[in-house]
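Enquirer: Residue numbers (my numbering): 354 to 621.
Here a beta-carbon is modelled for each residue, glycine too, at the ideal position from N, C-alpha and C.
As the structure is a computational prediction, the values presented were derived from the model and not from experiment.
Handing you a structure now.
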Amino acid sequence: MSKRVKSSKEYNNGNTGSNSNNNSDKVYDALDKALVYASIPCFFFLIIAIYFSDWYYDFQILKFSNESTLLFVHDNMSSAIIFFSPLIIIFLIILNIITAPYIKIVKDSNIRTITQSPIKIFKVRICLFIAIITFAISVSLILSEFFNYANVNKDGIHVRKSILSNIKDYDWSDVTYAKVSYERVNKGSLKINYDIYLDDGQIVHAQDSEYFFENIVKVDDLLQNKKIKIYRQKIRDSDYSSFVSQYKGPGKTRVPNLLDVVLKILDK
């Protein structure tokens, strides 16, 4: 009796389930390997990101501030992009390398050779394509955010929103009021909010300035001298001890005692 040779159709039908499971396992294996291999370069890039972020904001202050600047306020979005974008790009590049196309060769002439290849867009593999798009968007946003700032000085407030916009100058007469409040954030720590409201609806978040505690009392005194209304939240008795424990001393600032600043700008 002659032995029947299994056709390629029968072979493929009989192994559809196993091939699907194998493909799923390979996807998870690739993701696991990408996470492991990406951990070391990501660690070094995080260190680089810390220094780059400091340089980025120092250069922004150097470029747009002047001698009369009291507070230079920038958007925190740049920090998020600088820290997270390289991690995503590194992970995608390593995933692109690990999931290289492969060919399964079968000797039986009756079985069709199976070729597996990743999805491609414009002849570029999907992981590498996403990495390129992420890089392009990140660079564009970082450049745009470099021109997004508010410069609070003795003469008024100068606001710019993007690389394509012009600087808008506000006199102190254009300030409608200011609002000082606080809230509990991560792990119960207290965050001070000092918002300056302009007559066209713009809000300057003074607390986002790196030198907020060093100069906010000067800004506060200036607002009072200009007869601008300041709404101050009263410190609750239950929160006073938390303020003392968190703000007593200089912290990372050049202020002798942060608590004195807090008690000056909030309602005791």
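Since leucine 576 contacts isoleucine 583 with CB under 8 Å, what's their CB separation in whole angstroms?
Expert: Right, the Cβ-Cβ distance comes to about 6 Å (below 8 Å), so this counts as a contact.
Enquirer: Unbroken beta strand (DSSP E) runs of length 3 or more, entirely within the stretch 579 to 603: which are they?
Expert: Counting only runs of 3 or more, we get 582 to 585.
Enquirer: Run through DSSP, which three-state label would leucine 619 get?
Expert: Coil.
Enquirer: Quick test of the definition: if touching needs 3 or more C-beta pairs under 8 Å, does the stretch 602 to 609 touch the stretch 544 to 553?
Expert: Taking 8 Å as the limit for Cβ pairs, the verdict is that the stretch 544 to 553 does not touch the stretch 602 to 609.
Enquirer: Rounded to a whole number of angstroms, what is the C-alpha to C-alpha distance between serine 562 and lysine 580?
Expert: Looking at the two C-alpha atoms, the distance is approximately 23 Å.
Enquirer: When the Cα of lysine 532 is compared with those of Leu448, Ile556, Ile483, Ile403, which residue comes out closest?
Expert: Minimum Cα distance to lysine 532 is reached at Ile556.
Enquirer: Put threonine 606 into one of helix, strand or coil per three-state DSSP.
Expert: Coil, per DSSP.
Enquirer: Using C-beta distances below 6 Å, list every residue in its chain close to tryptophan 525, excluding the 5 sequence neighbours before and after it, in chain order.
Expert: Correct list, in chain order: Gly509, Lys579.
Enquirer: Throw me the rounded Cβ distance for the histidine 511 and aspartate 522 pair, which I believe falls under 8 Å.
Expert: That pair is a contact at about 5 Å.
Enquirer: Reducing DSSP to helix, strand and coil, say where serine 534 ends up.
Expert: Correct three-state label for serine 534: strand.
Enquirer: Rounded C-beta distance between leucine 612 and tyrosine 600? I'm assuming under 8 Å.
Expert: Contact flag correct, Cβ pair sits at about 4 Å.
Enquirer: Counting along the chain, where does the alpha helix (DSSP H) carrying leucine 440 start and finish?
Expert: Looking at the DSSP string, the run of the alpha helix (DSSP H) that includes leucine 440 is 430 to 451.
Enquirer: Are phenylalanine 417 and asparagine 506 closer than 9 Å when you measure CB to CB?
Expert: No, the pair does not count as a contact, with Cβ atoms beyond the cut-off.
Enquirer: Alpha carbon to alpha carbon, how far is aspartate 574 from leucine 440? Give it in angstroms, no decimals.
Expert: If I take the Cα positions, the gap works out to 44 Å.
Enquirer: Nearest by alpha-carbon distance to aspartate 411: which of Lys540, Arg513, Phe499, His558 is it?
Expert: Nearest of Lys540, Arg513, Phe499, His558 to aspartate 411, Cα basis: Phe499.
Enquirer: What does the Cβ neighbour count give for leucine 615, buried or exposed, with the cut at 16 atoms within 10 Å?
Expert: First, the residue type needs correcting, since residue 615 is valine and not leucine in the sequence shown. By the neighbour-count rule (16 or more Cβ atoms within 10 Å), valine 615 is buried.
Enquirer: Alpha carbon to alpha carbon, how far is isoleucine 414 from phenylalanine 405?
Expert: Their Cα atoms are separated by approximately 14 Å.
Enquirer: Would a C-beta distance cut-off of 9 Å place leucine 496 and phenylalanine 436 closer than the cut-off?
Expert: Contact flag unset, no.
Enquirer: List the whole-angstrom C-beta distance separating asparagine 519 from aspartate 428, where the pair is believed to meet the contact cut-off of C-beta under 8 Å.
Expert: Not confirmed; about 17 Å, so no contact.
Enquirer: With which residues is tyrosine 547 paired in a DSSP beta bridge?
Expert: DSSP output for tyrosine 547 lists Val533 as bridge partner(s).
Enquirer: Mapping DSSP to helix, strand and coil, what is tyrosine 410?
Expert: It is helical.
Enquirer: With a CB to CB cut of under 8 Å and the five nearest residues on each side skipped, what residues in its chain are close to proline 603?
Expert: Contacts found: Pro609, Asn610, Leu611.
Enquirer: Leaving aside the five residues before and after glutamine 560 along the sequence, list all residues of the same chain whose C-beta is less than 6 Å from its C-beta, in chain order.
Expert: Ile545, Asn546, Tyr547, listed in sequence order.
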